[in-house]
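A.B. asks: Okay, handing you the structure first.
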Amino acid sequence: MSHFEWVNLTHNSFGLMEGRRRERRNQTIATTLERMIGKAVSSQYARRIY
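Written out as structure tokens, the structure reads:
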């Protein structure tokens, strides 16, 4: 593990990192769904997902 990786891990709470990971995952799901159906996800559902 490099110095920079260690600094990043020790200065971020695991809850914050998990929240960011979940947000990226949900955004990927929504983007994939939009591409599959050819329409944008409505803002009503986007707020629930993100």
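Each residue of the sequence shown is one higher than the one before, counting from 1465 in our numbering. For every residue, glycine included, the Cβ atom is placed at its ideal position computed from N, Cα and C. Fair warning: this is a prediction, and the values are worked out from it, not measured in the lab.
I need the DSSP call for residue 1507, collapsed to helix, strand or coil.
C.D. replies: Here residue 1507 corresponds to residue number 43 of the sequence shown, with the count starting at 1. Residue 1507 falls in the helix class under three-state DSSP.
A.B. asks: In whole angstroms, give me the CA-to-CA distance for residue 1503 and residue 1487.
C.D. replies: Stepping through the sequence shown from its first residue, residue 1503 is reached at position 39. Stepping through the sequence shown from its first residue, residue 1487 is reached at position 23. When rounded, the distance between both Cα atoms is 21 angstroms.
A.B. asks: What is the rounded straight-line gap between the Cα of residue 1499 and the Cα of residue 1492?
C.D. replies: Here residue 1499 refers to the residue found at position 35 of the sequence shown. Here residue 1492 refers to the residue found at position 28 of the sequence shown. Each residue's alpha carbon lies about 11 angstroms from the other.
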